[in-house]
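Just below is one structure, and these are the notes that go with it.
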Amino acid sequence: MMGGHFFNSRGIPSTGINLKTVKKVLSDILHVELSQFDNIIIRDEAKESDKMVNVTDNDLLISYNLHKNCIPQYNVGFLENVDKMKHLITQESRGHFTMGGTALGKLGVPDCVMNSFEDAVYLSQ
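32 is the number of the first residue of the sequence shown in the numbering used here; add one for each residue after it.
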C-alpha cells in the first residue's frame, strides 16, 4: 500500500516505476533473491478479467491494483468472512500459505507491514 501525502506534489508514479520500487524493496530491503524464482508473474488486477492465477511452488506473484482517492469500506460481516477464508486456506495448504493486505484487514501501511512480518514469522516455523 502506497500513497497519501507522499504523492501530492509529484502525482501518482507510473505502473513501471511502482513495479521497479516493489522489486527493489524485495531485493534490497527484504533480501529476496528474485533470480531464484522460475517465474515472476505480474498482474494488474484492474485489467484482468480472469481472477484465477496458476502459480507453482517456485513462482513469485506480484499482484497490484491502483485505487485513486479511496479507502476501502467493508460490509457488515466482512471480517468474519475473512477469518473463515483464512482458516480454510490454512487448513487446505497445511499452513504453507497466508494472505494479507489492506483488502483483508486493517487499512494502514504499518498494519500491512506488521501483518506481512507476522505471516513471514508464521511461515518460517
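Using N, Cα and C, we set each Cβ at its ideal position, and we do this for glycine too.
query: What's the C-alpha gap between Thr-46 and Asn-146?
result: 24 Å
query: What number of angstroms, rounded off, separates the C-alpha of Leu-65 from the C-alpha of Leu-50?
result: 13 Å
- prompt: Can Leu-154 and Gly-126 be called in contact, C-beta distance under 9 Å?
  reply: yes
message: Measuring alpha carbon to alpha carbon, tell me which residue in Asp-150, Ile-93 and Cys-143 is nearest Thr-52.
response: Ile-93
Candidates Phe-128, Ser-80, Gln-67 and Lys-99, of which the one nearest Gly-42 by Cα: Among Phe-128, Ser-80, Gln-67 and Lys-99, the Cα nearest to that of Gly-42 belongs to Lys-99.
- request: Quick one: grab the DSSP three-state call for Ile-120.
  value: helix
Residue interval of the beta strand (DSSP E) (run including Asn-5): The displayed coordinates of the chain run from 32 to 156. Any statement about residue 5 would go beyond what the structure contains.
- request: Compare the Cα-Cα distances from Asp-88 to each of Asn-96, Cys-101 and Gln-67 and report the closest residue.
  value: The closest CA to that of Asp-88, considering only Asn-96, Cys-101 and Gln-67, is found on Gln-67.
field: Proximity below 9 Å, CB of Leu-135 to CB of Lys-115
entry: no
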